[in-house]
Structure formats: C-alpha cells, structure tokens
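Asker: Here our numbering = 1-based position in the sequence shown + 60. Backbone N, C-alpha and C fix where the C-beta goes; we use that ideal spot for every residue, glycine too.
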Amino acid sequence: MKRLLLVPFIVWNLQAQDYEGLLKDAMQTSPYLKANALEVKRADEQSSLIQRYKNPTLSLEASQFSPDIGKSKAGYRAALSQPIRLWGVGDDRANLAVATKEEAQGLVTLKRAEFVKVFSLLYNEYITQTALFHLAKEEFAISKNIAAITKERYEAGTTAKVKYLRAKVDLAGSKNALDEKKAMQIASYYKLLAFSGLEDEKALDDNYVFKLSNRAVKEAQNNSAELHYLQTQQNSSSAKAKLNTNKIEWMNLYAEYEAEPDQSIARVGVDIPLAVFNTKKEEKRIAALQAKESEFLLQNQKIILSSNLTRLKKELLILQSVISSTQKLYNSQKELLKMYEDGYKIASINLLELQNIKNQMIQTKEKEITLQNKINKNIVIYNYEVGEYNE
C-alpha cells in the first residue's frame with residue numbers, strides 16, 4: 061500500500077514548474093525582496109523623526125550668599141526651556157514626511173519591477189540554453205547516423221577511409237559541442253535559482269511563451285516604475301528645499317524661578333533668532349534651480365521611455381517576421397537533409413554535401429533560437445517599461 065501511495069508523489073514531484081510558479085516562489089522567499097520591503101518601515105520611522113519635537117531643557121542651580129555681616133544663606137534657581145516650532149514649519153515637515161514615505165514606496169515598487177525583469181531575462185536565458193542543448197543533441201544524433209552509414213560503406217569497401225575518418229571527426233566535434241551546451245544550460249539553471257533565492261532544485265518548463273503587455277505606449281508614463289520613482293524623488297527634494305528655505309524654524313520658550321535670601325524672581329520669556337545675516341536667499345535660489353533641473357531630467361526620461369517603447373514594438377514586428385521565415389527555411393532544410401541521408405545510404409550523395417546541408421540546417425535553427433531569445437528580451441523590457449511588473 062505504501063508503494064502505491066509513493067508512485068503518484070514521485071510523478072507529481074517530477075513535474076516541471078512553469079514561469080509563473082517559480083516567480084511566485086521567488087517573490088515569497090527572496091531575501092532581496094524581504095530586505096527591500098523593510099524600506100517602507102524605515103521610511104515610516106524616518107517620517108516620525110522628521111516631525112519629532114525637540115526635548116525640553118531643565119537647568120538647576122544652587123547659590124551660596126555670604127554677606128559681610130551675618131550668616132551665609134542659600135539660594136537656588138530652576139529654569140525650563142522648550143524649543144517651539146514656528147507656524148508653517150510644521151506643515152512643511154509634515155509634507156516632507158509624506159514625500160519620504162512616497163519615495164520609499166516608489167523605490168520598493170521599482171526594485172520589485174527590476175527583480176521581475178531580471179528574473180524573466182534569466183528564465184529566458186535558461187529557455188535559450190535548453191533549446192541550444194536540444195539542438196546539439198539533434199546534431200549529435202545526425203552526426204552519429206552519418207558516421208554509422210559511413211562505417212558500413214567503408215567496411216563494405218564502397219567509400220574511402222578518409223571519408224570514414226572525416227565522419228568520425230565530425231561526430232567527435234558534435235559530442236564536444238553537446239557537452240559544452242549542457243554545461244551552459246546547467247550554468248543558466250543555477251544562475252536563475254540563485255537569483256530567485258531558492259535552494260531546492262526543481263524541473264523547469266522550457267517551453268514558456270512570454271506575452272506582450274496590452275498596455276499602450278501612452279499609458280507608460282503613468283505606469284512606469286522608473287518614472288514614478290523619479291517623480292517621488294523630485295517631490296521629496298522639493299519638500300526638503302521648502303523646509304530648508306524657512307528663515308526661522310524654532311524659537312526657544314523659557315521659564316525660570318530664582319529664590320534668593322531677600323527676594324524671589326520669576327521669569328518667562330522667549331528667545332527668537334533674528335534672520336539678519338542668514339536670510340536663506342541662497343537656499344531658495346538653489347531649491348529653484350534643483351526643481352528646474354529635476355523637471356528637465358524627468359521630461360528627458362519620458363522622451364527616452366516613449367522612444368524605447370516605440371523602438372521595441374517595431375523591432376518585435378520585424379523579428380517576428382524574420383523568425384517566421386527562418387522556421388520555414390529550417391523545415392525545408394530538414395526535409396532536404398532527410399533526402400540527402402537516404403541518398404547517402406545508396407552512395408548517390410557525397411559526404412561533404414551531406415555534412416554541408418546538416419551544418420546549414422543547424423545554423424538556421426541556432427538563428428531561430430537566437431531570434432526567439434531577442435523577441436523574449438524585447439517583450440520583457442517592454443512589459444517592464446509599461447509597468448506590467450509593478451504589482
């Protein structure tokens with residue numbers, strides 16, 4: 061009974077995990093994303109710090125009065141002072157606190173989107189290396205078949221030894237390429253797992269098809285994680301500049317009581333800084349220049365984003381057309397290779413011609429795989445730019 065229960069578990073455990081499943085696991089376990097999430101909590105504490113009041117100061121003083129005639133008498137003095145934030149400054153600090161939180165949230169969103177983008181590119185690389193490995197296996201099988209036919213013909217005395225040796229050399233080269241592609245596939249697999257923050261090995265789906273987001277280019281400026289973060293940085297800088305341009309932020313309110321042998325004195329007063337020499341004129345000018353600079357940089361980034369998205373979509377149209385014709389060429393070459401293999405068996409086809417057709421077919425398939433890799437990259441980058449990976 062235990063054996064019967066174990067078999068379904070083994071079959072289920074060996075099922076390949078797809079892109080969405082692996083990404084979900086990575087989002088839940090990645091130490092990088094967990095550290096990234098703490099940025100919001102840090103910003104909350106930073107916001108509280110920005111709006112925090114200064115502590116009061118208590119001064120205690122003891123005095124000894126020694127008159128020329130008579131006994132000495134003691135006295136004391138107690139003073140309490142409290143920095144008071146001026147009207148308007150509190151609002152500026154509250155605005156800065158809000159801007160700080162928004163900037164932190166924008167950074168978290170940006171890092172999350174970048175994580176998904178890099179994850180997707182690494183998954184695409186794994187798919188590519190796996191496809192190249194399968195192609196190398198196909199080439200090895202073809203070379204092995206050609207070598208077997210050549211060996212039969214050589215042993216039958218219908219072909220020269222040099223052709224048999226050439227077929228063996230080609231087979232050895234195919235085996236070498238197969239081992240190399242396998243190593244590259246393994247490297248891409250573990251690189252993907254390491255970035256994902258996952259330690260358990262699992263079979264992965266290597267037939268995943270990346271889909272282009274249906275969000276329009278004009279929507280990208282509202283959804284782009286990079287643009288949103290730049291905007292929050294600009295807002296935070298403006299809030300800091302607004303706070304720093306206040307001529308006076310604090311005044312000191314104090315109260316004190318002094319007891320002397322012959323009298324008692326109570327005082328209440330306020331210390332007001334006078335903005336005579338430091339009127340914050342320079343700070344205001346710098347803030348205005350920084351705001352203008354940020355505005356230009358943000359505008360420039362919007363232009364770059366729009367241009368990149370237009371380029372990516374046009375490239376995709378061309379690449380999809382090229383890969384379609386490449387697939388047709390590959391199918392024709394594969395059919396031609398089969399005809400040449402059949403002809404080689406009856407000695408009507410030259411070995412060099414057969415190997416040349418085989419090499420052309422492999423090169424065409426490699427081109428197709430490379431084109432698909434480029435298409436997937438463009439899709440991933442486009443999806444990232446339009447905000448598909450933000451949430």
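Please classify Arg-153 as buried or exposed, where buried requires at least 16 other C-beta atoms within 10 Å of its C-beta.
Answerer: buried
Asker: When we look at the beta-carbon of Ile-429 and count the other beta-carbons within 10 Å, is it buried (16 or more) or exposed?
Answerer: buried
Asker: Tell me Thr-117's beta-bridge partners as DSSP assigns them.
Answerer: Thr-117 pairs with Ser-141.
Asker: Alpha carbon to alpha carbon, how far is Phe-175 from Leu-66? Give it in angstroms, no decimals.
Answerer: Low local confidence applies: a pLDDT of 38 at Leu-66 is under 50, so the model's placement there is unreliable, with the coordinate-based value given in what follows. The alpha-carbon atoms of Leu-66 and Phe-175 are separated by roughly 37 Å.
Asker: Is it a yes or a no for the segment 359 to 373 touching the segment 436 to 448, going by three-plus beta-carbon pairs under 8 Å?
Answerer: yes
Asker: Under 9 Å between the Cβ atoms of Phe-200 and Lys-235?
Answerer: yes
Asker: Is it right to say Met-421 is buried, meaning 16 or more other beta carbons lie within 10 angstroms of its own, or is it exposed?
Answerer: buried
Asker: Pick out the complete beta strand (DSSP E) segments inside the segment 281 to 338, 3 residues or longer, and give them in chain order.
Answerer: Listed in chain order, the complete beta strand (DSSP E) runs (minimum 3 residues) inside the segment 281 to 338 are 310 to 319 and 324 to 331.
Asker: In chain order, what are the residue ranges of uninterrupted beta strand (DSSP E) at least 3 long that sit wholly in the segment 156 to 191?
Answerer: none
Asker: Are there 16 or more other CB atoms within 10 angstroms of the CB of Ile-232, so buried, or fewer, so exposed?
Answerer: It should be noted that the sequence gives Ala, not Ile, for residue 232. Under this definition Ala-232 is an exposed residue.
Asker: Considering only the beta carbon of each residue, do Ala-301 and Glu-240 sit closer than 9 Å?
Answerer: no
Asker: Tell me the rounded alpha-carbon separation between Ala-191 and Lys-197.
Answerer: Spanning the two alpha carbons is a distance of roughly 10 Å.
Asker: Taking the alpha helix (DSSP H) that Tyr-390 belongs to, which residues open and close that run?
Answerer: 341 to 405
Asker: Nearest by alpha-carbon distance to Pro-321: which of Gln-77, Pro-127 and Gln-142 is it?
Answerer: Pro-127
Asker: Report back the beta-carbon spacing between Ser-296 and Ala-138 to the nearest angstrom; my notes put them in contact at under 8 Å.
Answerer: The Cβ separation is near 43 Å, so there is no contact.
Asker: Short check: CB of Thr-169 to CB of Ala-285, under 9 Å?
Answerer: Cβ distance < 9 Å, so Thr-169 and Ala-285 count as in contact.
Asker: Which value, in whole angstroms, describes the spacing of the CA atoms of Asn-73 and Gly-166?
Answerer: Low local confidence applies: a pLDDT of 42 at Asn-73 is under 50, so the model's placement there is unreliable, and no value is given.
Asker: On the DSSP bridge list, what partners appear for Gly-81?
Answerer: DSSP lists no partner for Gly-81.
Asker: Please report the distance separating the alpha-carbon of Ile-383 from that of Leu-431.
Answerer: 6 Å
Asker: Quick one: is Val-446 buried, meaning 16 or more other Cβ sit within 10 Å of its Cβ, or exposed?
Answerer: buried
Asker: Out of Asn-96, Val-269, Phe-255 and Lys-221, state which residue places its alpha-carbon closest to the alpha-carbon of Tyr-172.
Answerer: Looking at the sequence shown, residue 172 is not Tyr but Arg. That would be Asn-96, whose Cα lies nearest to the Cα of Arg-172.
Asker: Between Lys-427 and Thr-386, what straight-line distance do the alpha-carbon atoms span, to the nearest angstrom?
Answerer: When rounded, the distance between both Cα atoms is 8 Å.
Asker: Am I right that Asp-266 and Ile-187 are in contact with their C-beta atoms under 8 Å? What's the rounded C-beta distance?
Answerer: 5 Å
Asker: Does DSSP put Leu-272 in a helix, a strand or coil?
Answerer: coil
Asker: Using 9 Å as the threshold, is the C-beta distance between Tyr-317 and Ile-325 below it?
Answerer: yes
Asker: Tell me whether the segment 246 to 266 and the segment 206 to 213 touch, counting them as touching only if at least three CB pairs, one residue from each stretch, are closer than 8 Å.
Answerer: no
Asker: Looking at the secondary structure, which residues open and close the alpha helix (DSSP H) in which Asp-260 lies?
Answerer: Where Asp-260 is concerned, there is no enclosing alpha helix (DSSP H), given that its DSSP letter is neither H nor E.
Asker: My output table needs one value for Ser-123: the three-state DSSP class, helix, strand or coil.
Answerer: It is a strand residue.
Asker: Do Lys-221 and Leu-411 have their C-beta atoms closer together than 9 Å?
Answerer: no
Asker: Starting from Ser-108, trace the alpha helix (DSSP H) in both directions and tell me its first and last residue.
Answerer: Where Ser-108 is concerned, the enclosing alpha helix (DSSP H) stretches over 91 to 110.
Asker: Between which residues of its own chain and Asn-368 is the CB-CB distance below 7 Å, once the five residues before and five after are set aside?
Answerer: Glu-445
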